[in-house]
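One structure below.
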Amino acid sequence: MSLEKSRLGRWLGRSEAPASAPVIATNAEPEAIGADLYLLLDEEGRLQGLSTLLLNRLGLSSQAVVNQRLMSLLLPNSALVIEGVPQDWVGHMLDLDFRSSDGHTLHARGWVQHHGKDWLLQLLDISDLMEEASAARIRQQCLRFAGLMAENIRVCSAERLVSVVAEQLQELAQMWHVPCVALALPEASGVGWRVYSQYSAHTAPELWQVGQRLGSEFDRLDVNVAHALHFAGQTELSPLQGMFANADGFLLAHSRDGIARAWLMFGFYDAARQAPDLGEREWLNLCSALAGPVLFRLSEQHNRHHVERLAVLQDLLGTGWWELLPDSDEILMAPQLVRSLRLSDRIDRLSRPEWLALIHPADRQELSSRLVQLRDKGTPMLLCVRLAQVDPGQDTLWLRIQGQALISGQVQRVLGFMLDVSDIKNQETEAAAAHARLGNLIASSPAVIYVQRYDQGNLEPTFFSDSLTPLLGWTLADCIDGQLADYIHPEDHDIWFERNRQLLREGLVSRRYRLRDKHGRYHWLLDEARLLRDDLGMPVEAVGLWLDVTDATLAAERVRESEERYRILVEDSPAMICRYTPDLVLTFGNRPLATYLECDPQQLPGVNLGDWFSLEQRTDFMQRIAQLTPESPLSTAEVCLELPGREHAWWVWADRGVFDQAGTLVEVQAVGRDNTDVRRSRMQLNQSAKMATLGEMATGLAHEINQPLNVMRMAVINVLKRLERGNIDVEYITEKLNRIDSQVQRAARVVDHMRVFGRRSEVQEQVFDPFDALEGTLAMLSEGMKGKGVQVQASERGAPLQVRGHGDQLEQVLINLMVNARDAMLSRKETRPELAPMIEVQVRPEADQVVITVQDNGGGIDPRLMERIFEPFFTTKPVGVGTGLGLSVSYGIIEQMSGRLSVSNVGEGAQFRIALPLL
Ligand code: ADP
């Protein structure tokens, strides 16, 4: 060990002066005057002799000093005292400092007196006195310095503490010529030391830095003594030696209760040599004067920070401490707690009953008894209570109250804290409610929640919600150890294993498969699962949901089947079925349609239906489609198409509009039937009806034609007679020729109208005025009617009217009605000769229709027959007379024109009513 463990005093102490007998180095022994130290001087002040003791003290030989001047033995500061010659010094106390042999100063006080012709200078050694005074001075100075240092540290502001300590170290160093000094304090952890502040003189290398760790080397040192460190000659490097750069050092502890609280380190310093006047006690004092206040300030700072942190913490948490004061039975509370209990700021304590009154009555009793147990038996207390509510509308405030007994010294203290846990409590309540709701929901839904644990690539069920048993009859135990896979439908095994692989691969899966229940029935399950991984990304478990979708799946299956059936139905239907967009482009068409359009069904999408219409038909068709609305999405029409390589085709076409949510037409679904044959036979029927009417009218026609022929013949005969007589009267001939001409015209008109019967109607409907048809009818019939005594009254032509259809067909209808009326009236006249037969024909517009009525006074129709008269071949006329076709064909024609033919008995006879839509 290189450390020299020596008591400071040992090398500071003075070696006692050896007791020796007085020696008079001269021949003349001076008279003893009680002083051990004396010397003899001549008149000039030159040394003549010294007492032995003085010689010894000064380490001189008597020969060497004889005739020397006294000043040569003294220190320079004594020169003033012995100015002049001994004669001058008489009556003065002489304080003289001698250079002593041991390097110390010998302080002496003396006086001169005659001794023969010489002078005797007697001396008293006052070194001890002087040294004591000096030591006292130094101690005082040291005390003052220590006091000042402590004061400076004590009063400085917290921010300046570090710099003030450094300043004090500097002053200390300068005062006692220390090159490097540092103050080391314990590490925060309590193990080891760290440099808190340091100073090094400009001339010295910096031994230590602030914050430098010093290890625990000091802990092995005695804290009650100062340690002088001398490492000279030591080869083995110790940590301490390294710390002091292998140079002399000096180390002091500030201790309390025998434990070091701080170390003051001096580097490159030999205290004994450089501050011989300072004792160990002074050094220790200095150390404590520096370290004590620093430690105090730091602990004060630490405490203040602690208190501040505590206050912030309490504020943030809505918590605070409380303490039960047993003597006054009061509860003392932290200000934060007072605030969070919504009490007045001035309150800092409440009596126990007052404190308990703050708590909700439901929890008060329990808290009270727990508190008593804590106080009397020291049982720790922890419970959650509600605050009593003043306003029932406010949220409940929950407090967690914790308390414990603390033995400090002889006294037991009861304290604890209160924490606002309303958030947690309310969340707990909400979570419990949500959990219950979820539980209910799952219990009442066809869903099962499950958890599968991941184990080396295998997924093993570990949890099923309670809904498993009601839904499938299984329990968790039935599903573990791979049994679950046994319940999967054999056809769905692949789906099940692929589901597991996908779940592990992608972390997410949704699959549909069949699972057998306990009774052997299969359920369609929709399985949605998600894989959960740990922080390292390793799979932990899969959480999933089974939804029983049996009904939905079967329903979907049925829909699919039904769709298939409908598809077949549509495909195989003899009717034309198609879908097309509002601009008539087909999106689908079945085989019959394709056959008509001479292509494959696959070629139909994209084909425009309008291509097969005439311009007029197409416009009508588009207009009709445009009138479809979500409220009346249906429309039916007979359309005429110009098909490839064929005559005109007539289709009865039913459309149904499909609308989007905004009510816009997006598509039309249509069903069509080829009506060409029906239409053709109807036309043939018309034709035969015409022929029948023609035959029937043949007699009348003969008369009609004969009449003008007879008139013309008479006129010709008369003219010829005149010519024979030579009596050529131009006026007469002209008049006859005019008559002939008018008769020719009449005959031509009759013949012209006869063409109605011989002609087939135009294919395309035309727009015409119904008056034209009436006029044509009258032209043909009125003469004949007149001949039979039937009066015809027709309404005057009014404003032009327009209907769509075939004018000749309407004419045919009117002829039928008028001929029927004539027949009925004439047959009635047979029994009632007084009857004046009369047909009244009226044409008038009514709202969006034109109504044509044919009224007779032929006695009307037997009500029992009313329903049957429109049937084909129904007639009441004798065989060979009636055909029974007239009314049925007329009905068909009017219907064809989108009109209606009806009959009723009005007045004396029947009234037929034709209503046609006006354009
Ligand atoms: P037909 O004239 O050849 O009998 P219709 O179809 O024209 O065939 O008439 C059917 C029947 O309706 C007639 O036989 C007749 O009994 C009855 N009928 C038609 N018009 C009248 C009318 N104006 N008054 C009374 N009966 C009528």
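Numbered per my numbering, the sequence shown spans residues 408 to 1326.
Note that the Cβ used here is the ideal one computed from N, Cα and C, for glycine as well.
Proximity test, residue i beta-carbon vs the ligand ADP heavy atom, cut-off 7 Å
i: G1191; result: no
i: A1155; result: no
i: D1084; result: no
i: T1283; result: yes
i: A1243; result: no
i: I1268; result: yes
i: G1291; result: yes
i: D1263; result: yes
i: G1316; result: yes
i: N1093; result: no
i: L1276; result: It is Ile, not Leu, that sits at residue 1276 in the sequence shown. It does: the Cβ of I1276 is within 7 Å (strictly closer) of some heavy atom of the ligand ADP.
i: L1221; result: no
i: S1295; result: yes
i: N1227; result: yes
i: A1056; result: no
i: A1231; result: yes
Closest residue to residue i among the options (Cα-Cα distance)
i: S508; options: L462, D1136, S775 and Y1298; result: L462
i: V1257; options: F1066, W1058, M1304 and D873; result: M1304
i: G944; options: L911, D1215 and G1267; result: L911
i: P981; options: G1079, S851 and R711; result: G1079
i: S485; options: A795, A1077, E1237 and D504; result: D504
i: W729; options: E538, V701, F703 and R759; result: R759
i: S717; options: L527, V571, F824 and L765; result: Residue identity differs from the one stated: residue 717 is Leu in this sequence, not Ser. Here the closest residue by C-alpha is F824.
i: R620; options: H637, E643, S596 and H634; result: S596
i: C1047; options: A1069, Q1068, Q1024 and Q1030; result: Q1024
i: R618; options: L939, L590, P897 and P1051; result: The sequence given here has Gly at residue 618, not Arg. Nearest option by C-alpha distance: L590.
i: A573; options: L536, S534 and W615; result: W615
i: Q1216; options: E1190, P1240 and L1181; result: L1181
i: V571; options: V701, R777 and V598; result: V701
i: P612; options: L720, A652, H637 and A471; result: A652
i: S378; options: L579, M1273, Y1298 and C985; result: Nothing in the structure corresponds to residue 378, since the chain is present only between 408 and 1326.
i: A1201; options: M1245, R506, E1172 and M537; result: M1245
Simplified DSSP assignment, three categories, for residue i
i: G1314; result: coil
i: L1325; result: coil
i: A669; result: strand
i: A982; result: coil
i: A543; result: helix
i: D1007; result: coil
i: Y603; result: strand
i: L702; result: helix
i: N1264; result: coil
i: M1119; result: helix
i: M1187; result: helix
i: A428; result: Residue confidence for A428 is low, a pLDDT of 37 falling below 50, so the modelled location carries little weight; the figure read from the coordinates is stated next. Looking at A428 - three-state DSSP - the assignment turns out to be coil, as it is neither helix nor strand.
i: W881; result: coil
i: A1206; result: coil
i: W615; result: coil
i: M788; result: strand
i: T1238; result: helix
i: D1148; result: helix
i: F904; result: helix
i: E411; result: Confidence at E411 is low in this model, with a pLDDT of 40, below 50, so the placement of that residue is unreliable and no value is reported for it.
i: N484; result: helix
i: L1308; result: strand
Anticipated Cβ contact below 8 Å, residue i with residue j, distance rounded
i: V947; j: D941; result: 5 Å
i: D802; j: S829; result: 7 Å
i: Y445; j: L576; result: About 50 Å; that fails the 8 Å criterion.
i: L1224; j: F1319; result: 5 Å
i: R1086; j: V1118; result: That pair is no contact at about 44 Å.
Segment contact flag, the region 701–710 with the region 731–743, C-beta cutoff 8 Å, min 3 pairs: no
Meets three-Cβ-pair contact criterion under 8 Å: the region 1054–1066 and the region 962–979: no
contact_flag[the region 560–568, the region 584–596] where n(CB pairs < 8 Å) is 3 or more: no
Any 3 or more C-beta pairs closer than 8 Å across the region 808–825 and the region 779–789: yes
Sufficient close CB pairs (3 or more, under 8 Å) joining the region 521–541 to the region 444–460: yes
Cβ contact check for the region 1256–1275 and the region 1311–1318: 3 or more pairs under 8 Å: yes
Touch test, the region 850–857 against the region 833–840, Cβ-Cβ under 8 Å, three pairs minimum: no
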